[in-house]
Structures are given as structure tokens and as C-alpha cells.
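What follows is a set of notes on a single structure, which appears directly below.
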Amino acid sequence: MANIGFIGLGTMGLPMAINLVKKGNVVYGLDLSEKAVKEFESNGGVAAVDIADLMSNAEVVFTMLPTGPHVISMYEAESGIIEHATSRHLLIDCSTSGVPSARKLHALGRAKGVRTLDAPVTGAVAGAEAATLTIMVGGDRDVFDCAKPILEQIGKVIIHAGAEGVGQAAKICNNMVAGINKIALSEAFVLAKKLGLDDKIFFDVASNGSAQSFSLTKTCPVPGLVPTAPSSRNYTNGFTTKLLLKDMLLAQEAAMEVGAGTVLGSAAAQLYQLCANAGHADRDSAIIYQYLLGK
Ligand code: NAD
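Every position in the sequence shown, counted from 1, becomes a number in our numbering once 2 is added.
Structure representation (C-alpha cells):
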């Protein structure tokens, strides 16, 4: 049992923080949304007054915020995380914040003598709720070893990906594949429909065939085929188009930096940009299927 701080009680952060409460930890939560904080409290969490309050009560501090700039400003701000951090703290960023932000975060921690990890997650909202996330961690091996028992309370597969920032590298590579795959599946479902093939029959073929994937069987873009998928709840409470687009662009920036050719990743990023521009930025990213249908 530990005293844990959790900043960012959104779609992913809230169920992750609630799982830490369920495992017997005292969890201090912070979010801009009053509704999220209320839900956290009604599940046994303690609302922190501000960062200073959270840092004084917790030894392990998670961030689960939308983007790298959100995380870095939370770390660097006056009266932010770094100002209140001491050597007793272990700081774990689970956001998909990108490699450059992760490196910056580790540098800020090192300058203050504080242990830090980049530890992005995959497994969607269902994985966060069921504590079955896969967590890919960048940072020193001994810091990873300290954090592992806590990460095991919210995830099933915990992997030390490598040095500082390499957890984020693993995450953007993973999401580039998932983003491309979501489009590939959506194109196939649109084509199947136009050829007179029933959605459910194509789902049964593909999910038992070589097109099988997480994006199909867990987050199927067509509504009604996977009851727990965001598409089956009108593309809500999932992984928004704007966040997936952010990850696709992080992958493109990283690819440019190191000179890797990512032709499909680049095309997929453009499609998500168009989908977001068409008014779908805040809907689950599987909405790309409806966009390709012409809706
Ligand atoms: P979200 O937008 O639902 O949640 C983010 C939360 O951060 C919100 O509740 C927001 O109010 C809060 N927040 C923002 N600024 C804040 C501040 N200054 N102080 C306190 N709270 C603040 O996003 P999410 O879907 O939970 O995703 C979080 C991160 O996890 C992102 O980096 C995303 O790319 C990644 N991710 C998401 C999924 C998914 O399926 N949704 C899966 C894996 C990884």
C-alpha cells in the first residue's frame, strides 16, 4: 500500500486511479473537471487541493494528461510538480507525451534529484477499467524495478522498453500501427458493404482470419459488432480522433528526425487530420469508418 498522487482523471486516468484505490492505496487525485473529481471521490479517492497538497501527501505521482506540453507545463509551472518534488518522490508519466517531452521530463527530474519514468499505456478504456493495460516504460532499470509492483496494479504486461524516452518510442510506434490498422479495417468494411457483404459476416471472417487485430476485436469501428467498443456507444468515451492524430503526428516528427520512411503512417495522419477537420475531433477515432462512408 502506498500514498499515490494521480493528476489527470480523464477517460483513462479515472479508471486507472480507481483501480489503485481498489488495491488499497490512498490515492490523491487532481483534475480540472469537477465532475471527474466527484466521480473519483465517490469511488474512494481523495481530492487534492492543488499540486502542493498532492505532492506533500504522495510519494508516487502519476500524470495522465492529454499531450506532452500539458505534462511539461504541469512539471515546470510555478508551484508545479518539480518545485515540490524531493528525492522521496517517484514520478511516472503515463500520458502519450512523445519522445522529446519525455526526455525533457527526465532532465527536469535529474536536475532536482528526483526519480522519473515515462510509462505510456496501451489497451484502451476497457484495459484501463480491467487493469489489464500493457505499460511500456523508459528510464533507469532500478527505478523501473521500484515502480513495477505499482504498475502491476493497473496493468497486466509491464515492459522495460529501455532508457529515458524509449517507453514513448514504443508507444508512438505501437499507435502508428493501430492508427493505420483502424483505417485499413474501415476501408475494408466500407468496401464489404458496397459489395453486398453483411457487416457481421465480414467481422466473423476477418476476426478468424489474417485480418484479425485488437482494432477489430476490441475497438471495432462498425457499431454493434463489439458491444464494449466505443463505436457501439456512439463513438463516445474512447480514444478521441484528436488524441490519435496527436500520436500519428508524434510518430511523423520522430520519423523525420531520424530519417525513417513511414509512408502509410504519413497518409494515415493526413486522413485523421481531415476527419478531425470534418468535425470529428472529439469523437472516438473509430469514427474514421463513418467518415470514409461519407458521413
Ligand atoms: P482525456 O482528455 O479524457 O483526459 C485528460 C484529463 O486531463 C482530463 O480529465 C482533463 O480535465 C485533465 N487535465 C488537462 N489539463 C489538466 C491540468 N492542467 N490539471 C489537471 N487536469 C488536467 O484523455 P485520455 O483519453 O484519458 O488520454 C490521456 C492520455 O493517455 C493521452 O496522452 C492519450 O493519448 C493517452 N491514451 C489514451 C487512450 C484512450 O483509449 N483514451 C489509450 C492509451 C493512451
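Note that beta-carbon positions come from the ideal geometry of N, C-alpha and C, so glycine has one too.
- Residues of the same chain with a CB within less than 7 Å of the CB of Gly26, apart from the 5 flanking positions on each side, are Met3 in chain order.
- Looking at Gly47, Glu131 and Leu32, the one whose alpha-carbon comes closest to that of Pro17 is Glu131.
- By the criterion of a C-beta distance shorter than 7 Å, Leu294 is surrounded in its chain by Ser188, Glu189 and Val192, once the five residues flanking it on both sides are discounted.
- The beta-bridge partner set that DSSP reports for Met138 consists of Ile161.
- Looking at the backbone, the Cα of Lys297 and that of Gly267 are separated by about 23 Å.
- Membership of Tyr237 in any beta strand (DSSP E) is not indicated, and neither H nor E is assigned to it by DSSP.
- In the DSSP assignment, Asp147 falls outside any beta strand (DSSP E) and lies within the alpha helix (DSSP H) extending over Arg143 to Leu153.
- Going by C-alpha positions, Val207 is about 11 Å away from Leu199.
- Nearest neighbour of Gly10 by Cα position, chosen from Ala87, Leu252 and Thr98, turns out to be Thr98.
- Sixteen is the threshold: since fewer than 16 other Cβ atoms of the shown chains lie within 10 Å of the Cβ of Val260, the residue is exposed.
- In the three-state reduction of the DSSP assignment, Gly31 falls in the strand class.
- Between the region 135-142 and the region 170-188, the count of C-beta pairs closer than 8 Å reaches three or more; the two stretches touch.
- Counting the other Cβ atoms within 10 Å of the Cβ of Ile84 gives 16 or more, which makes it buried.
- In terms of side-chain proximity, the C-beta atom of Leu245 is found nearer than 6 Å to a non-hydrogen atom of the ligand NAD.
- For Ala54, the closest alpha carbon among the candidates Tyr30, Asn279 and His72 is that of Tyr30.
- Listed in chain order, the non-local C-beta contacts of Leu119 below 8 Å within the same chain comprise Leu92, Leu93, Ile94, Asp95, Val139, Gly140, Gly141, Val145, Phe146, Ala149 and Gly169, local neighbours out to five positions each way being set aside.
- Out of Ser58, Ala104, Arg117 and Thr69, the CA that lies nearest to the CA of Ser89 is found in Arg117.
- Residue range Leu92 to Asp95 is occupied by the beta strand (DSSP E) that includes Ile94, with no alpha helix (DSSP H) assigned at that position.
- By the Cβ test, the region 278-285 is in contact with the region 242-251, since at least three Cβ pairs between them sit closer than 8 Å.
- Across the structure, Gly82 and Asn59 are spaced so that their CA atoms are roughly 15 Å apart.
- DSSP, reduced to helix, strand and coil, places Ile9 within a strand of the structure shown.
- Nearest C-alpha to Ala270 among Ser215, Lys158 and Gly181: Gly181.
- Its chain contains Thr65, Leu67, Asp95, Ser97, Ser99, Ser103 and Leu107 as the residues whose beta carbon lies nearer than 8 Å to that of Val73, once the 5 sequence neighbours on both sides are disregarded; these appear in chain order.
- Contact check for Ala278 and Leu247: beta-carbon distance about 6 Å, within the 8 Å limit, so the pair qualifies.
- Proximity to Thr238 across Phe216, His162, Val179 and Ala128 peaks at Ala128, based on C-alpha coordinates.
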